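Report on the structure given below.
Protein chains: 2
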Amino acid sequence: MYEKALETLRNNNVRITPQRQIILKYLINHDNHPSVDTIYEALKQEFSNLSIATIYNTLQLFEKLDIIIALPAEDGGIRYDFFGSPHFHAICDNCGEIEDIDFPNYKQLKQELAKEAMDQAGFQTNKIHIEVFGLCKNCREELAKKR
Amino acid sequence: MYEKALETLRNNNVRITPQRQIILKYLINHDNHPSVDTIYEALKQEFSNLSIATIYNTLQLFEKLDIIIALPAEDGGIRYDFFGSPHFHAICDNCGEIEDIDFPNYKQLKQELAKEAMDQAGFQTNKIHIEVFGLCKNCREELAKKR
DNA sequence: CTTAATGCAAACGATTTGCACCGCC
DNA sequence: GGCGGTGCAAATCGTTTGCATTAAG
């Protein structure tokens with residue numbers, strides 16, 4: 136997983152700097168869908184003179200290389216997610232939490248969507264991106280209690 | 136379509152102001168996926184003292200009421216889309232254009248995704264949101280020429 | 001060595017906010 | 001006529017930029 140991502144960097148002639156390594160490790164080891172600031176706060180302790188501009192740069196780079204994906208968040212900001220295995224996102228309308236849901240039949244779904252896009256608009260699909268919105272388990276239970 | 140949206144406003148005890156009406160009409164009559172600024176530039180001519188803050192307010196309101204949906208754009212900004220009939224979006228990695236693609240089997244797909252979200256996380260799905268990324272027809276042809 | 005990458009601080013710009021006024025219901 | 005909505009301008013804050021410095025390959 137980590138190695139595969141480094142491989143991607145090498146294949147694109149991107150230098151493997153310590154900053155990129157710790158940001159990558161952070162993304163792999165945390166499934167909390169961090170914001171730029173969350174990452175910055177977490178890493179500046181062990182890497183005191185880490186610049187927030189570097190984090191912006193690095194995340195944009197990783198996204199371009201399809202190592203991570205960007206998601207829209209409740210507050211209008213952006214969250215990032217290491218994209219090791221295909222999954223989609225369930226985003227709670229109440230608390231804003233983002234949960235990963237595994238795709239049972241990712242390839243098939245992708246093909247179906249790609250076919251429609253091609254048939255209707257001559258659009259060539261490279262990747263797909265799915266979110267569902269609603270209520271997470273906790274919020275459902277909380278709201279049920281209240282009435 | 137227009138009436139149905141007004142109905143939604145009434146049902147939520149939201150006042151139907153001239154500003155909300157022209158913004159709504161604009162969204163229905165344009166499938167260009169406008170940004171806040173695009174809408175502002177277009178409408179301030181016929182409504183000279185229209186405030187950009189009102190547009191922000193109105194769009195946020197419409198989105199909350201599921202009259203429109205917000206999409207992430209190429210440049211990091213946000214575009215809006217009147218959501219009359221179920222469709223997903225094909226976003227070109229090269230030129231940033233957003234195209235609407237009709238869902239052939241929207242309900243079935245929604246059910247499948249909702250089932251996974253429920254089974255895996257106890258998440259109750261209200262709406263789904265799908266984008267595919269790749270190359271639009273024009274860009275494919277352009278890029279083919281160049282080599 | 002060469003050149004990409006980083007850190008820093010300043011600049012930017014989209015979005016939000018506070019408040020007085022207005023007008024929909 | 002009450003209160004939600006609007007317009008305006010200022011404030012905010014996430015993100016980008018320019019440039020000198022550093023270090024990866």
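Protein sequence lines correspond, in order, to chains W and Z.
Mapping the first sequence onto the working numbering, position 43 (from 1) lands on 178, and the numbers just tick up by one.
Mapping the second sequence onto the working numbering, position 20 (from 1) lands on 155, and the numbers just tick up by one.
Just so you know, even glycine gets a beta-carbon here, dropped at the ideal spot from N, CA and C.
These numbers come from a predicted model, not from an experiment.
Between residue 259 of chain Z and residue 228 of chain W, the alpha-carbon positions lie close to 10 Å from each other.
Comparing alpha carbon positions, the residue from W/180, W/248, W/265 closest to residue 158 of chain W is W/180.
Separation of residue 246 of chain Z and residue 236 of chain Z (C-alpha to C-alpha, rounded to the nearest whole angstrom) is 19 Å. Taking a C-beta distance under 9 Å as the contact criterion, residue 162 of chain Z and residue 197 of chain Z qualify as a contact pair. Listed along the chain, the chain Z residues whose CB falls inside 8 Å of the CB of residue 202 of chain W amount to none; the nearest CB is some 15 Å away. Using a Cβ-Cβ distance cut-off of 8 Å, the stretch 260 to 280 of chain W and the stretch 164 to 180 of chain Z are not in contact, since fewer than three pairs of beta carbons, one from each stretch, lie closer than that value. Boundaries of the alpha helix (DSSP H) around residue 171 of chain W: 171 to 178. Within 7 Å of the CB of residue 246 of chain Z, no CB atom of chain W is found; the nearest one sits about 11 Å away.
When the alpha-carbon of residue 193 of chain W is set against those of W/243, W/242, W/208, W/140, the nearest one is in W/140.
Rounded to whole angstroms, the separation of the alpha carbons of residue 168 of chain W and residue 231 of chain W is 11 Å. Residue environment analysis places residue 187 of chain Z among the exposed positions, since fewer than 16 neighbouring C-beta atoms fall within 10 angstroms of its C-beta. By the 16-neighbour rule on beta-carbons within 10 angstroms, residue 279 of chain W is exposed. Neighbours of residue 271 of chain Z in chain W, taken as residues at a C-beta separation under 9 Å, are given in chain order as 256, 257, 258, 259.
Residue 263 of chain Z and residue 255 of chain Z have their C-alpha atoms some 16 Å from each other. Counting other Cβ atoms within 10 Å of its Cβ, residue 216 of chain Z reaches 16 or more and is therefore classed as buried.
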